[in-house]
Amino acid sequence: MCSDARKNTSVRKRVINWYEQSGRRFPWRNTTDPYHILIAEILLRRTTASAVSRVFTDFIHRFDSPNRLKRARESTIVKALSSLGLQDLRAKQLKETASILVKDYNGIVPRSDESLQSLLGVGDYIASAVRNFAFGEPVPLVDGNVIHFISRVFGIHFAGPTDVQAWEFMTQFGNPHEAKLYWGIIDLVATVCLRQNPRCGSCPLTKVCEWYTKGDIASETA
Ligand code: SF4
């Protein structure tokens, strides 16, 4: 499905170049520590990266290991996450995740997909993000942002992040692995390729984007 190798290469280069110039800088993008990346990805669910960036450094400082997070009072974790919303649920999940890490993995974030997905609240995307960003494994990542990006740039519409074909597409498009590619996609969707009123005038992809070059708005999925 992802057959145009030249277009893929061009899109990858443009996204990565744009990211290096204009991408957002977050503390979890400056580390390969699996625990830090796991915590960041869990916190990033159902909230914005900007909101997480306001609590992340302090959170990691206070709960600097699975063991310390496991032993913390739930009320303390709730307080640390209060600005994100859903803090009661998040605190409970994080504490449970830390308990599994300590009990089953010696307090070390595991590397395999199966082990990562044994942690509470860790599904395909978070497991792949940890394997990719922490362990440097060339695994694809697919979430709503990526689906939106593919739809706009390639004119291909997948059912959603659980669509196996979307993962196959990204395996071809994103290979070889490059974390900056995914961060670039995430940041482009957050700041330029907005779902409503995309800012095409500020986008590095106008020459290769199906939506832009063909006025593909009519076929775009919601
Ligand atoms: S050219 Fe416009 S529609 Fe295409 S990726 Fe860029 S912002 Fe999105």
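Mapping to the numbering used here: the sequence shown position 185 is 185, numbers consecutive. Cβ atoms here follow ideal geometry from the backbone N, Cα and C, with glycine treated the same way.
Going by DSSP, residue 100 is part of the alpha helix (DSSP H) stretching over 87-105. Checking the 7 angstroms criterion, the Cβ of residue 19 is out of range of every heavy atom belonging to the ligand SF4. Sixteen is the threshold: since fewer than 16 other Cβ atoms of the shown chains lie within 10 Å of the Cβ of residue 86, the residue is exposed.
Secondary structure at residue 81: coil, using DSSP grouped into helix, strand and coil. By alpha-carbon distance to residue 25, the top candidate from 201, 184, 34 is 184.
Taken through DSSP and simplified to helix, strand or coil, residue 194 comes out as coil. Taking residue 99 as the centre and dropping the five residues before and after it, the same chain places the C-beta of 70 closer than 6 angstroms to its C-beta, in chain order.
Rounded to the nearest whole angstrom, the CA to CA distance from residue 189 to residue 41 is 17 angstroms.
In the DSSP assignment, residue 122 falls outside any alpha helix (DSSP H), carrying neither H nor E. The residue among 160, 36, 149, 121 with its C-alpha nearest the C-alpha of residue 212 is 149.
Residue 130 places its beta carbon less than 8 angstroms from that of residue 116. Looking from the CA of residue 144, the closest CA among 54, 112, 161 belongs to 161.
With distances taken between CA atoms, residue 114 lies nearest to 122 out of 108, 122, 107. Proximity of the beta carbon of residue 182 to the ligand SF4 is not indicated: no heavy atom of the ligand is located closer than 7 angstroms. Ranking 83, 206, 106, 109 by CA distance to the CA of residue 48 puts 83 first. Judged by DSSP in its simplified three-state form, residue 172 adopts helix. The beta carbon of residue 198 sits closer than 8 angstroms to those of 152, 192, 211, all from its chain and outside the five residues before and after it, given in chain order. In its chain, beyond the 5 residues on either side, 139, 141 have a beta carbon closer than 6 angstroms to the beta carbon of residue 128.
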